[in-house]
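Residue numbers (UniProt numbering): 1 to 247. For each residue, glycine too, the CB sits at the ideal point set by N, CA and C. Predicted model, so just to flag it, every value in this text is computed and none were measured.
Okay, here's the thing in structure tokens:
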């Protein structure tokens, strides 16, 4: 029996997994990628691979999970939707672990359409740190092959996707984070970008380091605001787990 099933993908999820390992709480941690699995501590059972709703439900029932913590990325809307549906189908308690928000720097947009409109109002070079999932939408930016630099994880598959979508592969930066302000600044200088595009990734996601880099380089920062949602902080989730699973 697995007392707790954590759907990871964030620093907060990793910290929760570390707490469970130290506290002797039986926890399975499901992550979508091998990179996510590499970051997790010893002492937790790691499940690697993308799951659909039916697979999530089957996993919860098979392992007789008592509780599910959704610690997926704030922008992984579809994943959260599937986890909620699976919990309802398996009759398992669901909690959402939220990342702490920070005050936005520079301009803010609420969705990709607003971002594209804003970028199409200028001819400036842009450095996108939105990741590979935004690649298709970014092809709507005017003169994207000429203007856009893309920072993504090192992956042959992602690099090929960039090439197939028409991005200039000489302008694809493939590196793993977390990045310091100096590293972000180096990427801005390399690209000569006047605009840095980022998600609101919170303190643990390197948002402050990007903002500092933009300040150092005199670049404008545009933030894709995270979707509004309700949930609990890491501290609150730990208290809930201690109360409910250590009875």
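Which residue wins for smallest C-alpha separation from residue 137, given the options 158, 115, 210 and 90? Along the chain shown, read from residue 1 onward, the residue named residue 137 stands at position 137. Selected option, being the one with the closest Cα: 115.
What are the start and end residues of the beta strand (DSSP E) that includes residue 94? As a working note, residue 94 is residue 94 in the chain shown. Following the DSSP letters along the chain, one finds residue 94 inside the beta strand (DSSP E) bounded by residues 93-96.
Collapsed DSSP secondary structure at residue 176 in the structure displayed: Stepping through the chain shown from its first residue, residue 176 is reached at position 176. Assigned with DSSP and collapsed to three states, residue 176 falls in coil, not helix or strand.
Just curious, the beta strand (DSSP E) that residue 159 is in, first and last residue? Stepping through the chain shown from its first residue, residue 159 is reached at position 159. Segment 156-164 is the alpha helix (DSSP H) holding residue 159; no beta strand (DSSP E) there.
Just checking my contact of residue 118 with residue 107 at CB under 8 Å: how many whole Å lie between their CB atoms? Position 118 of the chain shown, counted from the start, is the residue given in the question as residue 118. Position 107 of the chain shown, counted from the start, is the residue given in the question as residue 107. Between residue 107 and residue 118 the Cβ distance is about 7 Å, and since that is below 8 Å, they are a contact.
So, using beta-carbon positions, are residue 95 and residue 232 closer together than 7 Å? By one-based count along the chain shown, residue 95 stands at place 95. By one-based count along the chain shown, residue 232 stands at place 232. Cβ distance < 7 Å, so residue 95 and residue 232 count as in contact.
Which residue or residues does DSSP assign as beta-bridge partners of residue 46? Here the question's residue 46 lines up with position 46 in the chain shown. In the DSSP output, where bridge partners are listed per residue, residue 46 has 29.
Continuous beta strand (DSSP E) stretch holding residue 208: start and end: Here residue 208 is taken as the residue at index 208 of the chain shown, counted from 1. Counting along the chain, residue 208 falls outside any beta strand (DSSP E), though it belongs to the alpha helix (DSSP H) covering 207-217.
On the criterion of 16 or more Cβ atoms from any shown chain inside 10 Å, does residue 88 qualify as buried, or is it exposed? The count along the chain shown starts at 1 and reaches residue 88 at position 88. Looking at its Cβ environment, which holds fewer than 16 other Cβ atoms inside 10 Å, residue 88 is exposed.
Option nearest residue 145 by Cα separation, candidates 191, 176 and 27: Taking the first residue of the chain shown as 1, we reach residue 145 at position 145. Distance check between residue 145 and each of 191, 176 and 27 places 191 closest, using alpha-carbon atoms only.
Residue 57 (DSSP reduced to helix, strand or coil): For this step, residue 57 is matched to residue 57 along the chain shown. Reduced to three states, the DSSP call for residue 57 is helix.
Of all the options 43, 59, 15 and 72, which has the alpha carbon lying nearest to the alpha carbon of residue 33? Here residue 33 refers to the residue found at position 33 of the chain shown. With respect to the C-alpha of residue 33, the residue from 43, 59, 15 and 72 having the closest C-alpha is 72.
If you follow the alpha helix (DSSP H) that residue 248 is in, where does it begin and where does it stop? Residue 248 cannot be examined here, being either before or after the span of the chain that is shown, 1 to 247.
Give me the residue from 60, 6, 86 and 35 with the minimum Cα distance to residue 178. Numbered from 1 along the chain shown, position 178 holds the residue referred to as residue 178. Comparing Cα-Cα distances from residue 178 to each of 60, 6, 86 and 35, the minimum goes to 35.
Taking the alpha carbon of residue 61 as the reference point, which residue from 23, 223 and 4 has its own alpha carbon closest? Here residue 61 refers to the residue found at position 61 of the chain shown. Per the Cα distances, 4.
Under three-state DSSP, which class holds residue 38? As a first step, residue 38 must be located in the chain shown, where it is residue number 38. Residue 38 sits in a helix when the DSSP states are folded into three classes.
Beta carbon of residue 174, beta carbon of residue 152: below 7 Å? For this step, residue 174 is matched to residue 174 along the chain shown. For this step, residue 152 is matched to residue 152 along the chain shown. In this structure, residue 174 sits near residue 152, with a CB-CB distance shorter than 7 Å.
What does a CB cutoff of less than 7 Å around residue 271 pick up in its chain, not counting 5 residues either side in sequence? No information on residue 271 is available, as it lies outside the stretch 1 to 247 that the chain covers here.
Residues that DSSP places opposite residue 199 in a beta bridge: As a position in the chain shown, residue 199 is number 199, starting the count at 1. Under DSSP, the beta-bridge partners assigned to residue 199 are 224.
Given residue 196 as reference, the closest of 128, 165, 205 and 48 once Cα atoms are compared: In the chain shown, the residue the question calls residue 196 occupies position 196. Nearest C-alpha to residue 196 among 128, 165, 205 and 48: 128.
Looking only at C-alpha atoms, which of 123, 238, 8 and 198 sits nearest to residue 40? As a first step, residue 40 is located in the chain shown; it is residue number 40 there, counting from the start. Out of 123, 238, 8 and 198, the CA that lies nearest to the CA of residue 40 is found in 8.
Tell me the rounded alpha-carbon separation between residue 141 and residue 132. Residue 141 sits at position 141 when you count from the first residue of the chain shown. Residue 132 sits at position 132 when you count from the first residue of the chain shown. Using only the alpha carbons, I get a separation of about 15 Å.
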